[in-house]
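When we follow this note's numbering, the leftmost residue of the sequence shown carries the number 2, and every step to the right adds one. Using N, Cα and C, we set each Cβ at its ideal position, and we do this for glycine too. A quick note: this is a predicted structure, and the numbers were derived from the prediction, not measured. First the structure, in the form of structure tokens, and then the observations on it.
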Amino acid sequence: MSNDLDARRAAHVALSAMRRGRTLDVALNVDGLETRDRAFARNLVATTMRRLGQIDDAIVRYVEHGVRPEAAQDLLRLGAAQLLFLQTPAHAAVDTSVRLAERLNLTKQKGLINAVLRRIGEARDAILADQDAARLNTPPWLWKSWVAAYGDADARAIAEANLTEAPLDITLKPGLDRDEWATKLEATKLDTGSLRRDVTGDVRALPGFDDGLWWVQDAAAALPATLFGDVRGKRVADLCAAPGGKTAQLAAAGANVTALDKMAPRLARVRANLDRLGLNAELVEADARSWRSSEKFDAILLDAPCTATGAIRRNPDVLTAKNPRMVAELTRQQDALIDAAVVQLVRGGTLIYCVCSLQPEEGEQRIESALQRHPGLDRRPIRAAEIGGWHELLDRHGQIRSTPAKLRFIGGLDGFFVARLALA
């Protein structure tokens with residue numbers, strides 16, 4: 002099979018897997034693809050998921066009730082993504098889609114696939130001009146929740162920001178020269194200390210990766226671990242630690258870190274990242290809601306499981322994988338995790354709570370609830386000077402609320418909520 006079909010077939014398999022709840026990285030974990038083909042497949046699948054509302058709107062203009070089986074519908078989606086958004090020549094997008102239909106035993110659907118894609122290609126500009134991209138690509142429940150939380154204008158700005166791929170942010174190990182590594186990595190320096198590359202790609206091929214001198218971590222995700230202040234020699238717990246970026250920050254800063262995760266494969270990923278970086282932490286496979294240490298901690302970082310609606314730019318599968326029922330279940334977990342963290346914190350200790358979610362139910366409302374349940378718990382407001390002067394990320398309580406629509410002049414950030422609490 003030619004390489005162009007290899008990549009598109011891998012994309013087809015991945016798209017099907019993502020509709021069943023797999024993440025993009027897991028779905029594209031395919032052996033045998035060359036680097037260029039893997040990059041194309043990833044871009045094709047990510048674009049299809051990110052623009053799925055527009056793509057399905059284009060298809061339904063020519064096939065009123067969609068196409069069956071689902072494999073044929075996915076093939077149409079991938080073809081339409083190439084025609085509408087990837088500037089693939091029309092003949093190539095149509096021809097490879099038809100050829101792949103043969104490979105996938107979808108011979109009966111070949112004629113329909115060919116006809117629909119040709120019509121989409123011919124009407125491309127008119128279709129795009131007629132579409133409201135922000136609304137079409139945002140599930141109604143998410144749109145409604147963002148309008149309620151942020152207002153119409155900001156909700157639209159968030160939805161529009163989610164249509165673009167996020168840049169690649171890098172955290173350097175302490176002591177390295179930022180100017181030197183910004184040059185080596187062809188990156189810009191952010192005010193918070195992260196380095197940012199506009200071009201993504203295979204990070205393993207970049208200078209310093211094999212030497213363990215840095216790790217990939219969104220600039221917003223890198224903020225929580227810095228808010229403890231000096232952690233040298235302190236006992237710090239990183240609950241729900243995978244994939245380990247925050248564990249690495251704390252260990253590199255000199256903390257005695259205990260990192261928990263309840264899933265062995267995720268904990269193995271933390272270990273692999275620490276090994277590459279030459280850092281140490283005690284790793285514990287356990288559910289943080291029920292696990293108890295024999296000795297309390299000076300500081301606890303709780304990056305709680307969440308809907309990840311703040312990371313749609315990186316993980317477009319969130320758009321189809323998450324639903325409002327999950328919010329209710331996750332908030333119960335988040336409350337239980339906060340309660341478990343509080344009882345393991347020394348008096349005067351600091352708890353950092355964060356989620357990569359734009360949903361207030363998982364952020365601001367969880368803190369209000371925690372303060373009511375734990376009278377000894379108080380906010381410790383975060384200052385703009387602690388986050389590179391980015392005062393626009395702070396709410397009236399001194400909590401971080403970033404969205405992909407903020408700081409667009411530097412390429413935006415993932416949507417994060419961060420609160421700093423202390424136990425009196």
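**Request:** For R78, I'd like the list of residues in its chain whose CB is within less than 6 Å of its CB, leaving aside the five on either flank, ordered along the chain.
**Result:** Around R78: T49, I56.
**Request:** Given a cut-off of 8 Å, decide if W391 and L408 are closer than it, judged by their beta-carbon atoms.
**Result:** yes
**Asked** In this structure, does DSSP put G350 in helix, strand or coil?
**Response** strand
**Message:** Just to confirm, is the Cβ distance from G311 to L359 under 8 Å?
**Reply:** Taking C-beta atoms as the reference points, G311 and L359 count as a pair closer than 8 Å.
**Request:** Would you list the residues sitting across from I401 in a DSSP beta bridge?
**Result:** Beta-bridge pairing links I401 to L395, V419.
**Prompt:** Alpha carbon to alpha carbon, what distance is there between L395 and Y354?
**Reply:** 15 Å
**Distance between G416 and N316 (C-alpha atoms, nearest Å)** = A direct Cα-Cα distance of roughly 12 Å separates N316 from G416.
**Buried versus exposed call for S291 [16 or more other C-beta atoms within 10 Å across all chains shown]** = exposed
**Message:** Using the Cβ count rule (16 or more neighbours within 10 Å means buried), how would you classify A300?
**Reply:** buried
**Those runs of the beta strand (DSSP E) which lie wholly inside the segment 201 to 260 and span at least 3 residues** = For the segment 201 to 260, whole beta strand (DSSP E) runs of length 3 or above, ordered along the chain, are 215 to 217, 236 to 240.
**Item:** Same chain, Cβ closer than 8 Å to M327, neighbours up to 5 away in sequence not counted
**Value:** T308
**For G399 and P382, the rounded distance between their alpha carbons** = Looking at the two C-alpha atoms, the distance is approximately 4 Å.
**Asked** Whose C-beta lies closer than 6 Å to the C-beta of D122 among residues of the same chain, with five residues either side of it excluded?
**Response** What sits at residue 122 in the sequence shown is Gly, not Asp. Only L84, A91 meet the Cβ criterion.
**Prompt:** Whose CA, out of N324, V419, E387, lies closest to the CA of S146?
**Reply:** Restricting attention to N324, V419, E387, the CA atom closest to the CA of S146 is found in N324.
**Request:** Give a yes or no on whether the C-beta atoms belonging to D288 and K263 are separated by under 8 Å.
**Result:** Cβ atoms of D288 and K263: closer than 8 Å.
**Prompt:** In this structure, does DSSP put K109 in helix, strand or coil?
**Reply:** helix
**Prompt:** Cα-Cα, which of R384, D133, R277 is closest to T227?
**Reply:** R384
**Request:** Would you decide whether S3 is buried or exposed? Buried here means 16 or more other CB atoms lie within 10 Å of its CB.
**Result:** For S3, the pLDDT reaches just 45, beneath the cut-off of 50, and the residue's location in the model is therefore unreliable, leaving the point undetermined.
**Request:** Please name the residue, chosen from E283, G279, H375, that lies closest to L268 on a Cα-to-Cα basis.
**Result:** E283
**Message:** Let me check understanding here. Comparing Cα to Cα, which of N115, A82, V148, G213 lies closest to I128?
**Reply:** In terms of CA proximity to I128, A82 leads the group N115, A82, V148, G213.
**Message:** What ranges does the alpha helix (DSSP H) occupy inside the segment 113 to 201, keeping only unbroken runs of at least 4 residues that lie completely in it?
**Reply:** 125 to 131, 134 to 137, 141 to 151, 153 to 162, 179 to 185
**Item:** Three-state secondary structure assigned by DSSP to V356
**Value:** strand
**Message:** Rounded to the nearest angstrom, what separates G22 and G389 at their Cα positions?
**Reply:** So the two alpha carbons sit approximately 36 Å from each other.
**Prompt:** Helix, strand or coil for I60 per DSSP?
**Reply:** helix
**Message:** Taking 8 Å as the threshold (C-beta atoms), are T108 and L6 in contact?
**Reply:** no
**Beta-carbon proximity of A47 to L16, cut-off 8 Å** = no
**Message:** From the DSSP secondary-structure annotation, give me the bridge partner or partners of V285.
**Reply:** Partner(s): L261.
**Pairwise C-alpha distance: L251 and L164** = 33 Å
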